[in-house]
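No gaps in the numbering here: position 176 of the sequence shown is 176 in full-length UniProt numbering, and each next residue is one more. What follows is a single structure, written as structure tokens, with notes after it.
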Amino acid sequence: MRRKLRRRKDLPTPLPNLSKGIDFMADESHQVEQDEIEQLLRQAQEGAAAAAPKPAAPAAPTAAAPAPPRPKPPGPPSDGSISQDDIELLLQKAEMALASVDEPVASVPSGVKTFKFNEFAGAPPSTEAATLELMRDVQLDLTIELGRTHMHLEEILKLRQGTVVPLDKLAGDPADIYVNGRLIARGEVLVLNDNFCVRVAELIVGESAVA
1 MRRKLRRRKD LPTPLPNLSK GIDFMADESH QVEQDEIEQL LRQAQEGAAA
51 AAPKPAAPAA PTAAAPAPPR PKPPGPPSDG SISQDDIELL LQKAEMALAS
101 VDEPVASVPS GVKTFKFNEF AGAPPSTEAA TLELMRDVQL DLTIELGRTH
151 MHLEEILKLR QGTVVPLDKL AGDPADIYVN GRLIARGEVL VLNDNFCVRV
201 AELIVGESAV A
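This is the structure:
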């Protein structure tokens with residue numbers, strides 16, 4: 001028996017279950033960390049609420065300034081008619097206005113003279129001699145036209161020395177005499193002392209003249 005007891009004493013004692021202890025410590029540390037996180041979040045929310053500005057209170061409506069009193073219109077006379085003094089004053093003003101119309105114009109101040117226009121005498125009627133005398137120095141352009149023709153630009157560019165240009169008049173037809181571009185006469189073309197000249201055969205006046 002003693003030997004058996006000794007052997008039992010010599011046996012190693014069983015180790016406690018360490019896994020349960022480790023699990024308990026892990027759960028406790030996790031619980032502590034979760035509590036700290038919630039506490040920090042709560043503190044942050046309280047700080048943000050304290051830092052947010054409070055809405056301003058609505059301003060009290062300002063009292064409206066009292067409107068100025070309106071002037072009272074003048075009331076009509078108690079008896080409802082114009083007084084006798086007002087009627088007399090109006091009559092006096094009307095009489096003064098009528099009298100001022102008939103009054104003569106005030107005299108002109110000294111040193112001021114009225115301006116008078118000189119009367120121009122009528123000019124004597126002009127005679128034919130006087131009219132021709134005034135036109136003696138007037139210069140006019142006299143043109144003798146033998147005839148006319150119409151040509152295209154191509155034909156004009158082909159003109160050379162010796163080219164014959166036909167006119168719209170026949171031989172022996174009278175030439176036209178123009179003064180400042182106005183037809184006044186027609187005449188015959190002659191040769192006098194080796195120079196061309198025109199003998200007036202017809203005068204054209206009035207509506208018969210052609211520009």
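All residues carry an ideal CB built from backbone N, CA and C; glycine is no exception. Bear in mind that the values here come from a model prediction, so they are computed numbers and not experimental data.
Could you check if residue i is buried or exposed, using at least 16 other CB atoms within 10 Å of its CB as the buried criterion?
i: ALA185; result: buried
i: ILE177; result: buried
i: ALA201; result: exposed
i: PHE196; result: exposed
Taking the alpha helix (DSSP H) that residue i belongs to, which residues open and close that run?
i: LEU167; result: Counting along the chain, LEU167 falls outside any alpha helix (DSSP H), and DSSP gives it neither H nor E.
i: ILE156; result: 153 to 157
What are the start and end residues of the beta strand (DSSP E) that includes residue i?
i: ASN195; result: 195 to 203
i: ARG182; result: 182 to 192
i: residue 232; result: No answer is possible for residue 232: the residues shown for the chain start at 1 and end at 211.
What whole-angstrom Cβ distance do residue i and residue j have, given they're in contact under 8 angstroms?
i: ARG183; j: ILE204; result: Contrary to the premise, residue 183 reads as Leu rather than Arg in this sequence. That belief holds up - the Cβ atoms of LEU183 and ILE204 are roughly 6 angstroms apart, short of 8 angstroms.
Beta carbon of residue i, beta carbon of residue j: below 7 angstroms?
i: ILE144; j: VAL179; result: no
i: LEU134; j: ALA175; result: no
i: ASP168; j: ARG148; result: yes
Going by DSSP, name the residue or residues bridged to residue i.
i: ASP176; result: GLU145 and ARG186
Mind checking if residue i is an interface residue toward chain B, Cβ cutoff 7 angstroms exclusive?
i: SER110; result: No chain B is part of this structure, which consists of one protein chain only.
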